[in-house]
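See below for the structure under consideration.
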Amino acid sequence: MSNEIILEAKKIGKYFYEPEKFRVLDDISFEVKRGEFVSLVGKSGCGKSTLLYVLSTMDTDYEGDLRIHNQSVTGMKQNQLAGIRNEKIGFVFQFHYLLPEFSCLKNVMIPALKLGNFSKEEIEHRALERLKMLGLADQALKPASKLSGGQQQRVAIARALINDPLIIMGDEPTGNLDSKNTDIVFDIFKQLSHEMHQTIIAVTHDNDFAKRSDRIIEMQDGKILGEVKN
Amino acid sequence: MPKKFNHNISSDISMTYTFSKMKLTVVAALGVTIGIAIYIFLNSMMAGFARMSDTLIFRNIAHIRVYKDDDISRPLIASENSDKKVNALVNPKIVPESQTIVNPALLMDLLRKEKDVTMVTSQVATGIFYHKGESQIAGNTIGVNIEEADKMFDIQTTMVAGKMLDLKSTPNGILLGVGVADKLSVKVGDNISISSPVNVTKVMKVVGLFRTANSQIDKVKSFMNISAAQQILLQNPSYVTDLDVNIVDYKNAVNYSNRFSALTGYKAEAWQTANETFVAASKMRSIILTSISFTVLIVAGFGIYNILSMTISQKMNDIAILKAMGFKGNDVTRIFVQQALMIGAIGVTVGLLLALLMVNVLSHTYVGGDIGYFPIRFEPFVFFQGAMVGLIVTFFAGLIPARKAANVDPVSILRK
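Going line by line, the protein sequences match chains A and B. The opening position of the first sequence corresponds to residue 1 in my numbering, with each subsequent residue numbered one higher. The opening position of the second sequence corresponds to residue 1 in my numbering, with each subsequent residue numbered one higher.
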């Protein structure tokens with residue numbers, strides 16, 4: 001872990017208007033450094049997922065200031081934000097969200113083809129490398145819909161990694177997995193943060209998962225309740 | 001930072017969506033195919049029909065007719081001397097004046113020098129009676145230079161007996177409509193007598209019979225040499241009642257008629273003005289066919305719209321993750337618009353072939369009369385127009401749902 005600050009939230013606040021006006025995030029401020037593995041925990045409705053989607057730049061309806069890689073992204077246009085997500089952020093969700101018509105390999109390649117930093121051959125090579133790292137090299141050419149749940153989740157992780165993002169954001173990334181697959185995913189995350197120095201921010205319900213990460217941010221009623229560094 | 005490579009991944013995804021759901025693509029494309037084929041077919045029919053009816057009408061009249069209109073006397077003649085307020089009040093009536101056009105040769109030269117004028121001929125038209133034995137028929141005759149008149153009215157194609165050009169070598173020859181000949185019971189070579197409005201009777205020799213598309217005309221009309229017509233009216237050889245003018249673009253005749261009126265000082269009447277009912281009827285026909293063909297095309301457009309809306313609602317997860325991974329709104333729009341356009345292109349291509357087949361079949365269908373086979377043929381412009389309209393309709397049918405897809409909020413889909 002270096003001291004470089006990758007993500008900085010300053011007094012992030014947000015309201016929900018349905019069914020009635022309600023302050024779901026209340027002046028949240030914190031920093032995340034390069035290579036940190038952070039878990040966001042808290043009870044249902046405490047605002048941890050909402051916070052994650054604000055940090056992801058997909059939700060732009062908030063107050064305060066969000067800086068990613070020393071650049072304020074608050075108030076940026078949707079198209080600029082899309083470019084930042086493409087280049088700097090990888091996503092893993094509870095559900096895999098693979099495109100069922102495409103092979104696993106193609107699914108992994110899509111964000112890189114969109115970014116266009118490498119030739120098609122290089123991208124294919126890089127995608128295969130990541131699938132290999134996740135133990136899926138032999139599944140590469142199968143349609144994404146033919147894989148098991150655990151395999152699909154690992155393909156989704158490979159896809160999140162293809163552009164070497166600074167930050168990987170997970171919304172319950174192990175929520176649908178059995179303990180064996182959870183362990184696999186966790187080990188991958190650990191390896192990414194410690195060896196590749198990629199920052200990981202994951203929302204989780206799984207206390208074991210959280211305990212094994214570097215830093216736990218616990219939330220309650222839209223505020224940070226406390227932090228634990230492991 | 002500029003992109004190093006443009007992999008066109010949106011297009012790639014679009015292709016995969018189009019061809020992985022082949023059944024949907026085919027159904028949507030079939031809608032376009034039928035729409036385009038019917039659109040082109042109806043428009044080809046309309047074009048063929050309009051061309052044929054114009055041809056038929058120009059067998060009887062020229063694009064523009066220059067003639068001396070009847071002058072009506074002024075009903076009120078105000079006193080010229082303001083002191084004595086005595087005004088003359090007269091019943092309006094035709095001022096008795098000759099119907100001749102003065103110095104027709106000069107006017108014809110003038111008209112021939114005008115831009116876009118293709119042909120000018122002179123004629124003498126008059127009402128006459130045909131006699132044969134006891135029978136007498138009222139009708140009208142046109143004194144013409146038969147060669148020029150043939151060029152303008154295509155008389156040769158209407159000839160059913162005798163030789164049109166025999167008129168030239170027979171000073172007292174006459175070409176009769178078949179209806180007149182039937183009623184008088186005469187055939188080519190027989191003599192008939194005619195009498196003119198100024199009570200001149202002359203014996204004419206029937207040199208030919210013609211049949212136009214209109215049997216009413218065949219029952220009254222005849223052609224003779226212009227000199228014969230001048231004789232029966234007791235007029236000199238410069239007597240001419242009508243100048244017929246053909247121009248390049250007959251659809252524009254109304255504009256030219258005003259200019260020719262000013263130029264010649266006589267009334268120049270465009271064929272549209274003289275045949276308002278005919279023009280109105282063909283307008284109605286084209287409105288009916290155009291609205292039918294557009295309706296069919298719009299229905300095909302709705303087919304694409306429906307299928308694309310369905311695809312998009314099934315692909316909400318894909319759209320959300322693509323946007324999360326950095327696809328811009330326009331990239332998403334492009335995916336689905338391209339899908340619509342591909343369906344459209346397939347549909348249009350097959351539709352063009354189907355239309356070609358339909359046109360071909362109809363052009364070999366015999367309808368009878370002097371029309372013969374249905375007047376339809378391959379109209380390149382109509383096919384081109386059909387293809388363009390088809391693609392435009394599919395573009396918009398795709399754009400509307402695609403824009404909706406582009407505005408999907410990924411958070412609302414991914415946060416489930």
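Think of the CB as a built atom: it goes at the ideal place given N, C-alpha and C, for glycine as much as any other residue. Just so it is clear, the structure is predicted and the values come from calculations on it, not from any experiment.
Give the interface partners of residue i over in chain A, defined as CB-CB distance under 8 Å, in chain order.
i	result
residue 17 (chain B)	101
residue 367 (chain B)	Under the 8 Å cutoff, chain A gives no residues; its nearest Cβ is about 52 Å from residue 367 (chain B).
residue 9 (chain B)	110, 113 and 114
residue 325 (chain B)	85, 86, 91, 110, 111, 114 and 159
residue 20 (chain B)	101
For the beta strand (DSSP E) that contains residue i, what are its first and last residues?
i	result
residue 368 (chain B)	366 to 368
residue 268 (chain B)	267 to 270
residue 216 (chain A)	215 to 220
residue 94 (chain B)	Careful: residue 94 (chain B) lies outside any beta strand (DSSP E) and carries neither H nor E.
residue 200 (chain A)	199 to 203
residue 247 (chain A)	Past the boundaries of the shown model lies residue 247 (chain A); chain A is included only from 1 to 230, so the question cannot be answered.
Between which two residues does the alpha helix (DSSP H) carrying residue i extend?
i	result
residue 36 (chain A)	Where residue 36 (chain A) is concerned, there is no enclosing alpha helix (DSSP H), given that its DSSP letter is neither H nor E.
residue 60 (chain A)	Here residue 60 (chain A) belongs to no alpha helix (DSSP H), and DSSP marks it neither H nor E.
residue 306 (chain B)	276 to 314
residue 261 (chain B)	253 to 264
residue 209 (chain A)	207 to 212
residue 107 (chain A)	104 to 115
residue 166 (chain A)	That residue, residue 166 (chain A), is in no alpha helix (DSSP H); it is neither H nor E in DSSP.
residue 83 (chain B)	It is not in any alpha helix (DSSP H) - residue 83 (chain B) carries neither H nor E in the DSSP assignment.
residue 150 (chain A)	149 to 161
residue 217 (chain B)	215 to 218
residue 194 (chain A)	179 to 195
So, under 8 Å CB-CB, residue i and residue j are touching, yes? Tell me the CB distance rounded to an integer number of Å.
i	j	result
residue 38 (chain B)	residue 291 (chain B)	That pair is no contact at about 13 Å.
residue 18 (chain B)	residue 316 (chain B)	Incorrect: roughly 18 Å between the Cβ atoms, too far for contact.
residue 90 (chain B)	residue 73 (chain B)	6 Å
residue 424 (chain B)	residue 242 (chain B)	With chain B running from 1 to 416 in the structure shown, residue 424 (chain B) is simply not present.
residue 240 (chain A)	residue 177 (chain A)	A question about residue 240 (chain A) goes unanswered here, because the residues of chain A that appear run from 1 up to 230.
residue 157 (chain B)	residue 207 (chain B)	Wrong, their Cβ atoms sit about 17 Å apart, outside the cutoff.
residue 64 (chain B)	residue 280 (chain B)	At roughly 19 Å, the Cβ-Cβ gap does not stay under 8 Å, so residue 64 (chain B) and residue 280 (chain B) are not in contact.
residue 212 (chain A)	residue 229 (chain A)	About 13 Å separates the two Cβ atoms, so there is no contact after all.
residue 99 (chain A)	residue 107 (chain A)	6 Å
Quick one: what does DSSP say residue i is sitting in, helix, strand or coil?
i	result
residue 406 (chain B)	helix
residue 73 (chain B)	coil
residue 33 (chain B)	helix
residue 120 (chain A)	helix
residue 246 (chain B)	strand
residue 29 (chain A)	strand
residue 67 (chain B)	strand
residue 23 (chain B)	helix
residue 143 (chain A)	strand
residue 95 (chain A)	coil
residue 15 (chain A)	strand
residue 224 (chain B)	strand
residue 87 (chain A)	helix
residue 116 (chain B)	coil
residue 210 (chain B)	strand
residue 72 (chain A)	strand
residue 47 (chain A)	coil
residue 51 (chain B)	helix
residue 101 (chain A)	coil
residue 240 (chain B)	coil
residue 10 (chain A)	strand
For residue i, which residues in chain A fall below 7 Å Cβ to Cβ?
i	result
residue 321 (chain B)	97
residue 317 (chain B)	97
For residue i, which residues in chain B fall below 8 Å Cβ to Cβ?
i	result
residue 219 (chain A)	Here the premise fails: no neighbours, minimum Cβ distance about 16 Å.
residue 130 (chain A)	Ordered by position in chain B, no residue passes the 8 Å Cβ test against residue 130 (chain A), which lies about 15 Å from the chain.
residue 78 (chain A)	328 and 329
residue 120 (chain A)	5 and 7
residue 59 (chain A)	411
residue 49 (chain A)	415
residue 176 (chain A)	Going along chain B, no residue has its Cβ under 8 Å from residue 176 (chain A), so there is no contact; the nearest lies around 12 Å.
residue 257 (chain A)	The structure shown does not extend to residue 257 (chain A), since chain A is modelled only from 1 to 230, so the question has no answer here.
Given that residue i touches chain B, what residues does it touch there, using C-beta distances under 7 Å?
i	result
residue 53 (chain A)	411 and 415
At a CB-CB cut-off below 9 Å, which residues of chain B make contact with residue i?
i	result
residue 127 (chain A)	Simply none; closest approach about 13 Å.
task: Only counting runs of 3 or more residues, tell me where the beta strand (DSSP E) segments fall wholly within the stretch 329 to 389 of chain B, in order along the chain.
output: 366 to 368
query: If you scan the stretch 119 to 203 of chain B from start to end, which runs of the alpha helix (DSSP H) of 4 or more residues do you find wholly inside it?
result: 146 to 153, 166 to 169 and 178 to 184
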